[in-house]
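J.: Chains as they are written, first to last, in this note's numbering: chain A, 1 to 424; chain B, 1001 to 1336; chain C, 2001 to 2259. Cβ coordinates follow ideal geometry from the N, Cα and C atoms, glycine included.
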Amino acid sequence: MEVVILILKGYLLFTIGMMVIYSIRHFIFTLNRLFYEQRIYYQDIIDSDLKSVTVLIPMHNEEKVAAHILDLLVEADYDRDKLEIIPINDFSEDGTKAVLDGYAARYPFIKPMHRNDGDRGKPAALNAGMEKASGEIIIVFDADYLPPKGLLRSIAVCFTDPEVGAVMGRVVPINTGKNILTRLLDLERTGGYQVDQQARYNLKLMPQYGGTVGGFRRKEVMELGSFNTRILAEDTELTYRLSINGWKVLYANRAECYEEAPEEWNVRARQIRRWSRGHNDVMFRYFFRLLKARHLSFREKFDGTLLLLVYVVPVILLLGLIDSLALFFLGEMEIFAGFFFLIFIGAYNTFGNFAPFYQVGTGCFLDGAVHRILLLPLLLFNFFFNMWHIAAGFFDALLDVVTQRKALWQKTERFRKSEPRTGT
Amino acid sequence: MLLFLCTIIFVGMFLLPFTPAVREVIKKEDAAPLFINMGYSKDPRYFAVSFRKLMLKAVGDAPEGVHEITLSKPERIRIAGQAEVSADSAIDTVFYVKKSLKSGNNATLRKEVYSRGDVHLGEENMIKALACDGKVTIGKGASFMRWLDAEGDVTISEDCHLGISATCDGVLSVAPGCRFMRLYGAPVIIAQSKITPAAGGKPVEFEPIANGAPTERGISSLPAHNVKNCNLIAEGSLSVGEHAVIHGHVKSHGKIVLGASAVVIGNLFAEKDIEIGPGSRVYGSVFSQGSIKLQRGVTVGSVGRIKSVIGKKGVTLEHGVTVYGYVATEGKGLVV
Amino acid sequence: MSVDAKSIILYHRSYRKIAASPRPFVLQFFFIALPLSLIVVFFYPDITRTVCLIAKEVLSPFFSEGSLRIVSYPYLTGNAHYLTLPGKFPSVVFSLLNAIAGLLILLLLPKIVRFKPLVILGSVVSFIMFLSAVFFLFLPDQFPYQASDYSDLYIKQQISIWFFVPVIMGLAVLPLPASLPSKVVAMLTSFIYSLIFGTVRYAVFLFIIGKISLLYMAVLFFALGPLVDFVYIVGIYCVYAARLAKNIKGNYTLWKWSY
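1. Are the C-beta atoms of C:Phe2230 and some chain A residue less than 7 Å apart?
2. Starting from A:Arg170, trace the beta strand (DSSP E) both ways and give me its first and last residue.
3. Any residues in the stretch 1010 to 1029 of chain B with a beta carbon nearer than 8 Å to a beta carbon of chain C? Which ones, in chain order?
4. Below 8 Å on the Cβ atoms is my guess for A:Ile137 versus A:Phe159; work out the distance and round it to an integer in Å.
5. What's the call for B:Glu1271, buried or exposed, on a 16-neighbour Cβ count within 10 Å?
6. For B:Asp1149, which residues in the same chain have their Cβ closer than 6 Å to its Cβ, ignoring the five residues on either side in sequence?
7. Are the beta-carbon atoms of B:Ser1285 and A:Asp77 separated by less than 7 Å?
8. Closer than 7 Å, Cβ to any Cβ of chain B: which residues of the stretch 364 to 375 of chain A, in chain order?
9. Would you mind stating whether A:Leu366 and C:Arg2013 have Cβ atoms separated by less than 7 Å?
10. Under a three-way DSSP split, which group does A:Arg200 fall into?
11. Three or more C-beta pairs under 8 Å: does that hold for the stretch 287 to 304 of chain A against the stretch 194 to 210 of chain A?
12. Which residues bound the alpha helix (DSSP H) around A:Thr96?
13. Count the other CB atoms within 10 Å of the CB of B:Lys1194; is the residue buried (16 or more) or exposed (fewer)?
14. For a contact defined as C-beta to C-beta under 7 Å, what are the partners of A:Met333 on chain C?
15. Pick helix, strand or coil for A:His371, following the three-state DSSP scheme.
16. Rounded to whole angstroms, what is the Cα-Cα separation between A:Phe27 and A:Gly191?
17. So what does DSSP say about C:Pro2024, is it helix, strand or coil?
18. Note down, in chain order, every chain C residue with its Cβ under 8 Å from the Cβ of A:Leu325.
19. State yes or no: is the C-beta of B:Tyr1324 within less than 7 Å of the C-beta of B:Ser1291?
20. Would you verify that the beta carbon of A:Val425 is, or is not, closer than 7 Å to some beta carbon of chain B?
21. Run down chain B in chain order and give the residues with a C-beta less than 7 Å from the C-beta of C:Tyr2259.
22. Suppose contacts are defined by Cβ-Cβ distances below 7 Å. Is B:Glu995 in contact with B:Ala1175 by that definition?
23. Can you give the Cα-Cα distance for C:Ser2132 and C:Ala2218, rounded to whole angstroms?
24. How long is the line joining the alpha carbons of B:Lys1255 and A:Lys219, rounded to whole angstroms?
25. Which residue's Cα is closest to the Cα of A:Glu260: A:Val55, A:Tyr36, A:Gly17, A:Val65?
26. Residues in the stretch 2166 to 2196 of chain C with C-beta within 8 Å of chain B's C-beta atoms, listed in sequence order?
27. Would A:Arg200 pass as a contact of A:Val171 if the rule is Cβ separation under 7 Å?
28. Just list the residues that DSSP pairs A:Phe216 with in beta bridges.
29. Which residues in the same chain have their Cβ closer than 6 Å to the Cβ of B:Val1263, if we skip the five residues on either side of it in sequence?
30. Rounded to whole angstroms, what's the CA-CA distance from C:Val2003 to B:Ile1164? Just pull it up for me.
31. Buried or exposed, going by whether 16 or more other CB atoms sit within 10 Å of the CB of B:Gly1081?
32. Which chain C residues sit within Cβ distance under 9 Å of A:Glu37?
33. Shortest alpha-carbon distance to A:Leu187 belongs to which of A:Gln197, A:Pro173, A:Lys178?
34. Do you know offhand how far C:Phe2221's Cα is from C:Asn2251's?
35. So, with DSSP's three-state summary, where would you put A:Ala324?
36. Can you pull out the residues from the stretch 252 to 265 of chain A whose beta carbon lies closer than 9 Å to at least one beta carbon of chain B?
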C-alpha cells in the first residue's frame, strides 16, 4: 500500500510538473510573439519562376460547399500554365460529382478525380491525387475553405528556398458569430496560429503542417512514401517525417484563409477525438525516431517532443485528477494541498492547439480584436469537454497500436447553407 | 444573516467574471470573422494601380479647373491640361494633369498627383504621391511621402527620399544618396542621374534547377573559382570565394558573403545578413532576415524575369547595381 | 508638410509586434507581482488568522459555543491558522440518496442538457459526488477526514492560491503595453479579489461540511476549489486586456513590424 501511495504521489507531482512545463513553454511563446523579432515569411518575394502547383481538394459529400472554393480558385492569381486543380471526389453519395464535372467542363485546369474503390479517407485520396498530379508543389485545401486570390502564390513562393519541405498558412474561422462554440473555436485558432505557430517559427522550432491551407513538395513526399493511410493525422505525420529527413516546415502567418468551424458540440467532439487519435498515433510512431533524428537541433527535438505529447497531456491531466481523487480518499492530500492549485493551470489551456488564456488574449490583442477577449472565461467549459474527448482519442490510438486495427476516416460535417460572407 | 451575505458574495464573485463574456455572447459586438482581403494579391504597384482606378472613375470627363470629387473621401481636385508648378509654390489639392507636368525647385504638392503625360520635377520638391502614365525625372533632394509610380522610365537624382515605394513598368534609375523602402523596375539600376541607364539585354538562358536536385549540407565556405552543381545548405554562415559558381539554390542559417564576381544560378536565402561582392551575379532572388548589401556592379535576376531582393532589416545598393524586379526592406533602404 | 506624417504603414497583423522592450516587464514582475506574493509569504499567519476570525463570526450562530476554535500550527516559515469545527457525518440513507442522485444525474444530464461542455462538467461533479457517496456507504469508517481536516487542507491550498495569483496575473498582464498605474490596479484587484473570495468561500464551505454533510467534501475540494480561482484570474485579465485593446485602437505608434 505504501508503494501504491508513493506511486500516486509521484504521479501527481509529475502531472503538476507537466502543467508547469507547458505553461512556461506557452509563456515563452507569448513573450516572443509580443516583443521579439518576428521571422518573416517569404510572401514579399515576387518571382516569375514559381513552381508548378497542383491544388488537391479532397471531397466527400461536399455538394454544399464545393462550388464556393472552386469559384475562388478560378480567380486565383497564379499562372494558368503552372496551375491545375484536382478536386478529389472520394466516394461521395450526393451531388458532388455533378458539381465537379460542371467546373471541369468550363475550366480546363480543373481536373476532378472520382474515387469509388480503394481505401477511403483523406490520406488515401491525397495519395491518389498525387499520383495524378503534374505540379511540383501540392497545395491542399479542405472543401469548406475559402482561399483569397493571392493565397496560392503566397504558399508556393516559399519553395524557392531549397530547405523548405512544407508550409502552413493561417486558418481563420468564417462562421465565428454562429454560436458559443464557434466563438470559442475562433479564440482557439487565434491563440494557436497568431501566437503559437508564429512563435515556433520565430524560434526555429517545429511549426506544424496542418493538412489544409498548406503545401508540400510532391516528388519528395512521394519518395518518402506518400501519406500513411493508417494514420488519421496525416498532416502531423508529414510534419515529423519531413523534419526528420532534413526538410523544414514553415509557417506563413500572412497566408490567411477562411474555414468553417464546427457548429455543434457533438461534431466538435468527433473532430477533436479524431485529431487526438491521429496525433497520438503519430506520437507512438515518431517519439523515438524524433529523438534520434540527425538533422534536428536539440531545441527542435525538445519542442518537437512537447508538440508530439500535446494530445497526451490531457490524458496525463485526467489521470492526475483521478490520481488526486484516489489520494484524497486515501487521506494523502495533506502534502499536496499547497501545490494542487497548479494542476489547474491546464484549465485554461485549450488542448490540442494548447493555447493558455494569456496566449489567446495576446493573439486577440495582436489581431486588433477587442470584445472577443472578454469570452476567455468561457474557455473553462472547454476544459473538461476537451479533456474527455482527447483522452478518448488517446485510448483509441492506444488500441489501434495494440490491436493493429485500422482507423476509419470520418469527415467533419458541414453547416454552410448559402454563399459565405467574406471580407471583400 | 452573515452567512447569507457570504453566500451571496461567494456566488456573485464566482459568476461575476462570466458576465462580460455572457454580455458579449448576447450583444455580439465582436462576432464578425477577422477581416481577410479576398482580392489581395502581392503587387508592388498596388498603391498606384488602385489610385489610378479611383481617379479615373472620379474625374470622368470633368473639364479643367477646380472641382469636388470623392476618392476614398471627399477631396478638392485641380484638373489641368499641360501644367507647370512654379518654384517655391504649393498645390494643396489633388492634382490631375491630362498632359505633362513640370515643377520648379522647392515646389510642394501636398496631395496626390496623377499625370497622363511625362513628369519633370525640380530639385527639393515635396510630393505626397505621384502616378504618371509617361516618364518621370526627379531632381535632386526630392521627398515623396507615400509612393511614386510610372508606366514609363523613372530617373531619380541624388539624395531623394522615395517614401514607401518607387515603382515603374520601365527602367527605374536611382542615384546615390537616395533612401527607399520598396523599388520595382525592369530593371532597377543604381546610376548617376546624368548617366543613361544600360540598355536592356537579351534574356539569359540557363538550365533551370531541377526539382530534387542534389543538396550538399554542412558547408561553410566555397573556395575561389570553385564550381558547385547542387543546392547548398549551410548550418552556420557561408562564405563563397571570388569567381566561384554555384548552379543551385543556397540557404544559410547564418550570413552569406559572396566574393567578387561570383555567380549563383539560383536563389539565396539567409537567416542573417547577405553581402554580395562587386560584379557578382545572382540569377535568382535574394532574401535575408537581416540586411542585404549589394556592392558595385552586382546584378540580380535577368532580362525577362522578375526576381526580388528582400532584406528585412535593410538593403544597401551601391553604384552600378542592377535588380531585375523588386527590392524591399522594412528597415533602411540606401543607395550609396 | 512633414515627410514622416503619413509615411507610416498600417501594419498587417501577421508580423505586428509591440514597439517596446520586454525588459520593463521583468522589472515590473519583480517590483509588482513578486511583492504581492511576498505579502502572502510574510503575512500568511495574520491573513489566515483574520480569515478564520471572519469565518468564525459568520458560522457562530450555527454552531454551539466552543465548537469553533481557531487553531495555530507551524506551517512553512510561520504559523498557519485554521478553524476547527464538528462535521456532519452522513447517514446511510443520506449517502444512498446522494449516490442515487449522482447516478441519475450522470445518466439523465446528457439527455436533458444540450450544451455538451455543461454536461461533461456536471457529469464530473456528479461523478465525484457519487464516488464520495459510495465511499460513505461502504467504507464510512475509512473516510480519512474530519471537518477540521478539510478546514486545514483548505487553508493550505488557499495560501498557495494567494501566493500564485499575483504570479499568474503578473505573467499575463505585465507584458501588455499599458501604463504602470493601470497594471498595478489590475494586480491589486486580482489580489484583493482572491483574498475576499477565499474568505467567503471558506465560510460557506465550512458551513456545508459542518452543517449539511461531510459527503460533499470531495466535490468542494475538487470541483469548486482551485479550478474556480482561475475563473476570476482570467476574468480580470480579459476585462483589462479588452479595455486596453479598445483604448489603443488606432494608436499606430504602439506597433512595430517584424523587428
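T.: Per the coordinate set shown:
1. Yes, its Cβ sits closer than 7 Å to a Cβ of chain A.
2. 164 to 173 is the span of the beta strand (DSSP E), which, as asked, contains A:Arg170.
3. Listed in sequence order: Phe1010, Met1013, Phe1014, Leu1016, Pro1017, Phe1018, Pro1020, Ala1021.
4. Contact flag correct, Cβ pair sits at about 5 Å.
5. Buried, because 16 or more other Cβ atoms sit within 10 Å of the Cβ of B:Glu1271.
6. So the qualifying residues of the chain are Arg1045, Ala1048, Ala1131, Thr1167.
7. Here B:Ser1285 is not near A:Asp77, since their CB atoms are 7 Å or more apart.
8. Residues Asp367, Ala369, Val370, His371, Arg372, Leu374, Leu375.
9. In this structure, C:Arg2013 lies closer than 7 Å to A:Leu366 by Cβ.
10. Correct three-state label for A:Arg200: helix.
11. Contact between the stretch 287 to 304 of chain A and the stretch 194 to 210 of chain A is established, with three or more Cβ pairs separated by less than 8 Å.
12. That run of the alpha helix (DSSP H) goes 96 to 106.
13. Low per-residue confidence applies at B:Lys1194: pLDDT is 49, beneath 50, and the placement is therefore not dependable enough to give any value.
14. Going along chain C in sequence order, the residues near A:Met333 (Cβ under 7 Å) are Leu2153.
15. In this structure, DSSP gives A:His371 a helical state, which the three-state scheme calls helix.
16. A:Phe27 and A:Gly191: Cα-Cα distance of roughly 12 Å.
17. Of the three classes helix, strand and coil, the one that applies to C:Pro2024 here is helix, per DSSP.
18. The contacting residues are Ile2128, Leu2131, Ala2218, Phe2222.
19. Not a contact, by the Cβ cut-off of 7 Å.
20. Nothing about residue 425 of chain A can be read from this structure; chain A reaches only from 1 to 424.
21. Within 7 Å Cβ-Cβ: Lys1312, Lys1313.
22. Nothing about residue 995 of chain B can be read from this structure; chain B reaches only from 1001 to 1336.
23. Roughly 7 Å separates the two Cα atoms.
24. Put simply, the backbone Cα of B:Lys1255 is about 30 Å away from that of A:Lys219.
25. Of the candidates A:Val55, A:Tyr36, A:Gly17, A:Val65, A:Val65 places its Cα closest to the Cα of A:Glu260.
26. Identification of residues in the stretch 2166 to 2196 of chain C having a C-beta nearer than 8 Å to some C-beta of chain B yields Tyr2193, Ile2196, given in sequence order.
27. No.
28. Answer is A:Ile138, A:Ala166, bridged to A:Phe216.
29. Closer than 6 Å at the Cβ level, and outside the excluded window around B:Val1263, lie Val1245, Arg1281.
30. Residue confidence is low: C:Val2003 scores 41 on pLDDT, short of 50, so the model does not pin down where it sits. Its coordinate-derived value is still stated next. Going by the C-alpha atoms only, they are around 11 Å apart.
31. Burial call: exposed.
32. The contacting residues are Lys2017, Ser2258, Tyr2259.
33. Closest by C-alpha distance to A:Leu187, out of A:Gln197, A:Pro173, A:Lys178, is A:Pro173.
34. Spanning the two alpha carbons is a distance of roughly 46 Å.
35. Note that residue 324 of chain A is Ser in the sequence shown here, rather than Ala. Reduced to three states, the DSSP call for A:Ser324 is helix.
36. If you check each beta-carbon in the stretch 252 to 265 of chain A against every beta-carbon of chain B, the ones closer than 9 Å belong to Glu256, Cys257, Tyr258.
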